[in-house]
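Engineer:
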Amino acid sequence: MADACPGTSAAKLSWLVAWYIRDETYQKGLAELINFQHGLPFAAYWGEGTTSSSDGQRFRAGGHGQAGGYRNAKYGNEPGVLFYTHISDQYAPFQTKVINSPVRDATHVLDGLLYHESELRIEEHYTDTVGFTDHVFALCHFLGFEFAPRIADLADKNLYVPGKPGDWPALSSLIGGSISRKLIEREFDDVVRLSASIRQGTVTASLILRKLSAYPRQNGLAVGLRELGRIERTLFTLKWLQDPALRRRVSAGLNKGEARNSLARAVFFYRLGEIRDRSYENQRYRASGLNLVVAAITLWNTVYLERSIAGLREQREVDESLIPHVAPLGWNHINLTGDYVWHANKRVAKGRFRPLRTAKSARAKS
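Structure representation (structure tokens):
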């Protein structure tokens, strides 16, 4: 890296890493970028910052081992590491986490919603099929989040009803059983205490969800939470079937996450896009650094998209309905490879901007 940065040295970069590369500094730096973008009026074209989605992105690992990657039936014998990222409806990647063990994505959904340091107030969250379990449905309800996963093969997922299944003849083909009210009443206080502990940070959501999934089936708390989750999943499924707007909203949110993954893949070209860090700590730093760069690009694009649209408005009428479809995730205008030169004397002053490149000037340069 020092060879690609004229004016610096390997010793200086090592000093910066030793003094400034930590989980808390990455978190605070990311929060600054997310909050600044959230405060820009232009970001409101994409959403209010109240909905989000999460998805995992797999990167090849340099080898096997405790922190070197794991095998997955979906990807074959090739070892890999998953970066699980939460992104808001304004395209802001406000949380990322490394998963280097073969656990379900759903285990980590709540961590991103609860433990980010930005000013976003997420109310509704979307995932794909591997992001949901009945336990997550239940905890999202108790923690104040609307959980809306896009569930594949929805017809194969049974509904659960109060009372006897025969009391619901219109849904007979979908019903898989009855809700145990006695079990819920018996375990309800423990579920409330568990939710409060997660909210206060006494225990992380991912840790307790891993523990619950490992418990034997007769564990009271795990089964009680599952029963509550079945209620929430049943209500959500019925809403999903009746509400096309919900289905469109979820698909749009998940598409934003996929678009963000494309940008992250383009940025992460170092070492052929492989994770070769031997420690879980360094893998976390790698994921956080990548997410910080993606957030910086998203912020930069948001700022200059706003100025570009303002310039177009001065020339002609702009169709406002098209603006929400312009995402701040492009990178063709960014030179990702080569030398990284930092000119202190060319730094743009606070409150000033770089001049916009017009179509005429772009044609002249080409």
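The sequence shown begins at 558 in our numbering and counts up one residue at a time. In this text, a Cβ means the ideal position worked out from N, Cα and C, and glycines have one as well.
#1: Taking the beta carbon of Asn902 as the centre, do at least 16 other beta carbons fall within 10 Å, making it buried, or is it exposed?
#2: Have a look at Phe826 and Ala709 and give me their C-alpha separation to the nearest angstrom.
#3: Which whole-angstrom value describes the C-beta separation of Tyr683 and Thr791, a residue pair presumed to lie in contact below a C-beta threshold of 8 angstroms?
#4: How far does the beta strand (DSSP E) with Arg904 in it reach, from first residue to last?
#5: Which value, in whole angstroms, describes the spacing of the CA atoms of Tyr842 and Val638?
#6: Given this structure, state the Cα-to-Cα distance separating Trp899 from Asp685, to the nearest angstrom.
#7: Out of curiosity, what's the CA-to-CA distance linking Ile591 and Asp713?
#8: Enumerated in chain order, which unbroken segments of the alpha helix (DSSP H) with a length of 4 residues or greater are wholly contained in the segment 805-884?
#9: Just the Cα atoms here: how many angstroms apart are Val693 and Thr582?
#10: Return the CA-CA distance between Phe699 and Gly786, expressed in angstroms with no decimal places.
#11: With DSSP run on the structure shown, which of helix, strand or coil describes Ala771?
#12: Straight-line CA distance for Ile656 to Gly613?
#13: For Ser763, collect the residues of the same chain with a Cβ closer than 6 angstroms to its Cβ; drop the 5 residues on either side in sequence, then sort them by chain order.
#14: Pull up the distance between the alpha-carbon of Tyr837 and that of Leu847, whole angstroms please.
#15: Secondary structure at Thr761, three-state DSSP: helix, strand or coil?
#16: Cβ atoms of Ala816 and Leu862: under 9 angstroms apart, would you say?
#17: State the Cα-Cα distance for the pair Ala568 and Trp576, rounded to the nearest angstrom.
#18: Rank Glu744, Gln757 and Val807 by C-alpha distance to the C-alpha of Ala779 and give the top, closest one.
#19: So, are the CB atoms of Thr607 and Leu671 less than 9 angstroms apart?
#20: In chain order, what residues of the same chain lie with their CB nearer than 6 angstroms to the CB of Ser675, ignoring the 5 residues before and after it?
#21: Exposed or buried, what is Arg783 when buried is set at 16 or more other beta-carbons lying within 10 Å of its beta-carbon?
#22: Is there at least one Cβ from chain B nearer than 9 angstroms to Lys796's Cβ?
#23: For Ser566, count the other beta carbons within 10 Å of its own beta carbon; 16 or more makes it buried, fewer makes it exposed. Which is it?
#24: In the DSSP assignment, find the unbroken alpha helix (DSSP H) run with Gly777 in it and report its ends.
#25: By the three-class DSSP mapping on this structure, what secondary structure does Phe640 have?
#26: Out of Lys721, Pro722 and Asn715, point me to the one whose CA is closest to Leu731's CA.
#27: Could you pull the start and end residues of the beta strand (DSSP E) that Tyr717 belongs to?
#28: Excluding the five sequence neighbours on either side, which residues of its own chain have a C-beta within less than 7 angstroms of the C-beta of Thr859, listed in chain order?
Structural biologist: Taking the definition as stated:
#1: exposed
#2: 32 angstroms
#3: Wrong, their Cβ atoms sit about 19 angstroms apart, outside the cutoff.
#4: Careful: Arg904 lies outside any beta strand (DSSP E) and carries neither H nor E.
#5: 13 angstroms
#6: 41 angstroms
#7: 39 angstroms
#8: 837-872
#9: 29 angstroms
#10: 10 angstroms
#11: helix
#12: 9 angstroms
#13: Thr664, His665 and Asp668
#14: 15 angstroms
#15: coil
#16: no
#17: 12 angstroms
#18: Glu744
#19: no
#20: Ala588, Ile591, Asn592 and Phe651
#21: buried
#22: As a matter of chain content, chain B is missing from the structure shown, which is built from one protein chain.
#23: exposed
#24: Gly777 to Gln799
#25: strand
#26: Asn715
#27: Leu716 to Val718
#28: Gln594, Leu597, Phe599, Ala600 and Pro885
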